[in-house]
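Accompanying notes for the structure given below.
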Amino acid sequence: MISLERKTKETGISVNLNIKGKGNYKINVENQPFFQHMLEAFAKNAAFDIEITASGDLQHHIVEDCAIVLGQAFDKAIANKQNIARYGSFILAMGDALVLVSVDISGRPYFSVEYNYPNFKDCTIENFDLENIEEFMRAFANNAKITLQIKVLNGTNRHHIAEAIFKCLGRALRIAVSEDKVIEMPSTKGIL
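Counting in the numbering used here, the sequence shown runs from 8 upward without gaps.
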């Protein structure tokens with residue numbers, strides 16, 4: 008179990024993360040029920056045990072700081088990177104939404120996203136600004152030190168698209184951290 012905290016003038020975030028869990032979660036994000044729901048969907052689909060407590064002044068600050076701390080905890084949880092698959096990709100259908108997420112636990116942060124939905128980032132769901140999903144993913148990738156590429160292939164329902172992104176990320180990471188008994192270090196360099 009990795010435990011981290013971040014306290015700033017804007018937010019207070021605490022994270023406990025076990026990447027060899029069963030998808031159990033206890034998440035409390037103050038005044039952000041939609042974002043909390045997304046984190047719960049992520050935890051369940053990653054099969055990570057996660058506890059998060061988050062509060063703060065602005066939605067953007069809470070979302071980004073959660074991603075920073077969760078990303079740092081993930082990086083610490085996979086510190087030696089031995090005997091893991093390293094790569095994980097998943098395509099997830101949720102109603103009308105179809106999302107592809109691909110990750111590489113490389114130590115080289117990179118993030119990209121493509122939407123097949125006009126103005127997705129300009130919309131809100133239950134007072135949640137969807138542009139903050141991209142901010143979460145970018146901050147998570149940078150702090151986890153992973154490559155994270157997301158493609159929204161189809162969808163008309165914004166809730167389905169958003170939830171599919173978080174679920175698909177969880178599934179891709181579950182694959183990437185799965186045990187590989189054949190290749191001890193998944194790199195020709197001998198280090199990640």
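All C-beta atoms in this analysis are idealised placements derived from N, C-alpha and C, irrespective of residue type, glycine included.
Fair warning: this is a prediction, and the values are worked out from it, not measured in the lab.
Among the options, nearest to residue i - alpha-carbon criterion
i: S10; options: K88, F42 and E58; result: E58
i: N31; options: F55, K152 and I91; result: F55
i: F49; options: N161, F147 and P116; result: F147
i: T163; options: K33, A100, K83 and N35; result: A100
i: Y94; options: C175, N87 and T154; result: T154
i: L176; options: F118, V76, I190 and C130; result: F118
Spatial neighbours of residue i in its chain, beta-carbon cut-off 6 Å, leaving aside the 5 residues before and after
i: K16; result: none
i: T60; result: S21 and N35
i: S62; result: G19 and E37
Helix, strand or coil at residue i [DSSP, three-state]
i: F13; result: First, the amino acid is wrong: residue 13 is Arg here, not Phe. R13 falls in the strand class under three-state DSSP.
i: I26; result: coil
Residue range of the beta strand (DSSP E) that includes residue i
i: Q43; result: Q43 -> not in any beta strand (DSSP E); alpha helix (DSSP H) instead, spanning P40 to A53.
Chain-order list of residues whose beta-carbon lies under 7 Å from that of residue i (same chain, five-residue window excluded)
i: F41; result: I132, E133 and F135
i: K33; result: E58
i: A169; result: M45, I132, L137 and I140
Extent of the continuous alpha helix (DSSP H) run through residue i
i: K83; result: Q66 to A84
i: G63; result: Note, G63: premise wrong, no alpha helix (DSSP H); beta strand (DSSP E) at D56 to G63.
i: E170; result: R165 to A183
Cut-off 8 Å between Cβ atoms - residues of its own chain near residue i, not counting five sequence neighbours on either side
i: S96; result: L107, V108, S109, V110, A179 and I182
Inside the segment 124-149 only - beta strand (DSSP E) runs reaching at least 3 residues
Those beta strand (DSSP E) runs which fall completely within the segment 124-149 and span 3+ residues do not exist here.
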